[in-house]
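Asks: Just passing along the structure, written as structure tokens.
Numbering (the working numbering), first residue to last: 357 to 422.
Laid out in structure tokens, this is it:
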């Protein structure tokens with residue numbers, strides 16, 4: 357389960373997670389991270405955690421947007 361809280365708003369994603377060390381998947385994740393935050397430092401041991409979402413839970417104001 358992955359969860360995030362922002363004041364009264366919250367969201368949880370439930371599902372199975374898997375570790376992916378494929379270089380293309382890691383590169384894609386690094387690019388997505390860099391677009392949102394900053395370019396990550398090089399790390400040859402970096403992996404991607406992929407979650408197959410099975411259920412979404414959250415506060416009503418967030419779920420009503422979908």
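Yeah, the Cβ is synthetic: ideal placement off N, Cα and C, and Gly gets one too.
All values derive from a computational prediction rather than experimental measurement.
Have a look at residue 414 and residue 405 and give me their C-alpha separation to the nearest angstrom.
Replies: Approximately 22 angstroms, taken between the alpha carbons.
Asks: Could you say which of 390, 418, 409, 391 lies nearest to residue 374 if we only look at CA atoms?
Replies: Here the closest residue by C-alpha is 409.
Asks: Out of 399, 359, 382, 387, which one is the CA nearest neighbour of residue 369?
Replies: It is 359 whose Cα lies nearest to the Cα of residue 369.
Asks: Helix or strand or just coil, what does DSSP make of residue 417?
Replies: DSSP places residue 417 in helix when its eight states are reduced to three.
Asks: Starting from residue 374, trace the beta strand (DSSP E) both ways and give me its first and last residue.
Replies: That run of the beta strand (DSSP E) goes 365–376.
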